[in-house]
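A.B. asks: My structure is below; once you've seen it, I'll send some questions.
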Amino acid sequence: MSSFNHRDTVLPDVTTEQSSAQVPVIDNVGMQGIAIPLHVLGKRGERLASQAKVDVTVSLDHPNAKGIHMSRLYNLLQQYLSNKDLHKSALLSLMNSLIESQDGLSKSAQLNLHFDLTVSRPALISRMSGYQSYPATLCIKRSPERYVAQLKLRVPYSSTCPCSASLSRKALSEVFVQQFEGKDLSVEDMGAWLASKQASIATAHAQRSFADITLDLANNDIPDFVGIIDLVETALGTPLQTAVKREDEQAFAKRNAENLMFVEDSVRRLHAALSKYYQATYFRVKVEHQESLHAHDAIAEISGSIHR
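In my numbering, the protein residues as written are 3 to 310.
Structure (structure tokens):
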């Protein structure tokens, strides 16, 4: 009988074979898209996410090694993250263990945690509320020199074109003059006409827009996710709404009129808001206005250091 049928047979592992030839260093090798039940908490202990997709890699620095011990990376993710609350101490231990698990093959490791933050958002006027989803990625790198953490966050908002708003006001003004020039109108008459369908001469074009925020985190702490979202939405002034009543929809229309924005205006607002953000050392912002007038989108990018 072949020895391969015995339970005590040692199964071959080709990854342990070494080549006599020198091979180049591989920057990152590992796995991506691993599903992990992970509890992401807010500052008040509220659960913001309950699952994540994880990318994990290590460098392959040994000059003669064929490959890494990949299954060890997977097992360490389960040990440190599966059904656990996300904490800085666990991430620090995990990153060190990822490198140590390779028995001298690796000098650095990288971890990307992708999750959707589900945050309760109140309506503008009424007592309605609902949940908004914000895609986020927490990127962590560990090397012999340093440990760094970075947050990437996408915040949706509404933007109304200042040029379109100006042209709409001009069109309304022209029709108003044509219709009522020389007539004796009371304030009540003007108000009634402006509130009628006849006054819907033109409307400014608005679009769903996105702010992609990247923060280099100070002290590598778990960031205040909701605090950052609040900061961005307050700076822009036109956050997307969830559950609304008519008074909320009217308030939203007013917000858009009060915060007319080109992409240049949006990034400047975010630059001012993030320049003093206490949990980061550097920021990058990209905004995208998904045009309703054009078949293409408008974008702008800005970055800067944090000043305390």
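Note that CB positions come from ideal geometry on N, CA and C, so glycine has one too.
#1: Going by DSSP, what residues sit across from A282 in a beta bridge?
#2: Would L75 pass as a contact of V56 if the rule is Cβ separation under 7 Å?
#3: Output the boundary residues of the beta strand (DSSP E) element that contains I142.
#4: Is the region 157-177 close to the region 255-263, with three or more CB pairs under 8 Å?
#5: Measure the alpha-carbon distance for A220 versus L238 and round it to whole angstroms.
#6: Apply the 10 Å Cβ neighbour rule to Y133 and answer buried if 16 or more other Cβ atoms are within range, or exposed otherwise.
#7: How would you call G32, buried or exposed, if buried means at least 16 neighbouring beta carbons within 10 angstroms?
#8: Can you say whether E102 is buried or exposed, counting buried as having 16 or more other CB atoms within 10 angstroms of its CB?
#9: Would you be able to state if there are at least three C-beta pairs under 8 Å between the region 24-44 and the region 54-74?
#10: Leaving out five residues on either side along the sequence, give the residues of the same chain with a beta carbon under 7 Å from the beta carbon of L291.
#11: Look at I38 and L83 and say whether their C-beta atoms are less than 7 Å apart.
#12: Among P14, Y284 and S99, which residue has its Cα nearest to the Cα of I215?
#13: Pop quiz: L233 and A275 are said to be a contact at Cβ under 8 Å. What is the actual Cβ separation, rounded to whole angstroms?
#14: Buried or exposed: where does L140 fall if 16 or more other Cβ atoms within 10 Å of its Cβ makes it buried?
#15: Whose C-beta lies closer than 8 Å to the C-beta of K45 among residues of the same chain, with five residues either side of it excluded?
#16: Whose CA, out of I203, S305 and L153, lies closest to the CA of S166?
C.D. replies: Once the coordinates are examined:
#1: Its beta-bridge partners are L219.
#2: no
#3: S131 to R144
#4: yes
#5: 24 Å
#6: Exposed: under 16 other Cβ atoms inside 10 Å.
#7: With 16 or more Cβ atoms within 10 Å of its Cβ, G32 is classed as buried.
#8: Flag for E102 reads exposed.
#9: yes
#10: As written in the sequence, residue 291 is His, which differs from the Leu given in the question. Excluding positions up to five away in sequence, the list reads S161, Q209, S211, V265, D299 and A300.
#11: yes
#12: Y284
#13: 6 Å
#14: buried
#15: D226, V228 and G229
#16: I203
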